[in-house]
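Below is one structure, written out as structure tokens, with a few remarks after it.
Put into structure tokens, the structure is as follows:
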């Protein structure tokens, strides 16, 4: 009976410490991103390249790190500390950048 209680306590402490670890890491991630133990090893999508089709595919895990939430991409692929934005926001930014600058 005592061994069952010890095993149960061990399992509870292991699961709760893993949850706390994830929460601590996620709080240090940029806007709209979360900490993941298994990241994608393919290049990250950003507003600069989110419309391009990537030929990269892998089932292997990359190193633990922050990654954009589902439906989001990095605002700037070269400076990930600026955080992630929705793909719709990128679409608006691409349209603004594509407009010609008026000349006087």
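In my numbering, the protein residues as written are 47 to 150.
Each residue gets a CB set at the ideal place from its N, CA and C atoms; glycine is no exception.
Check: Collapsed DSSP secondary structure at residue 160 in the structure displayed; Outcome: The chain is shown from 47 up to 150; residue 160 falls before or after that span and cannot be answered.
Check: Simplified DSSP assignment, three categories, for residue 49; Outcome: helix
Check: Cα-Cα separation, residue 138 to residue 123; Outcome: 17 Å
Check: Which of helix, strand or coil DSSP assigns to residue 123; Outcome: coil
Check: Burial state of residue 79, where buried means 16 or more other Cβ atoms lie within 10 Å; Outcome: buried
Check: Residues sharing a beta bridge with residue 131, DSSP; Outcome: 119
Check: Rounded straight-line distance, which links the Cα of residue 76 to that of residue 102; Outcome: 25 Å
Check: Cβ-based burial, residue 82 [other Cβ within 10 Å; buried from 16]; Outcome: buried
Check: Same chain, Cβ closer than 6 Å to residue 48, neighbours up to 5 away in sequence not counted; Outcome: none
Check: Of the residues 89, 94, 116, the one placed nearest residue 109, counting alpha carbons only; Outcome: 89
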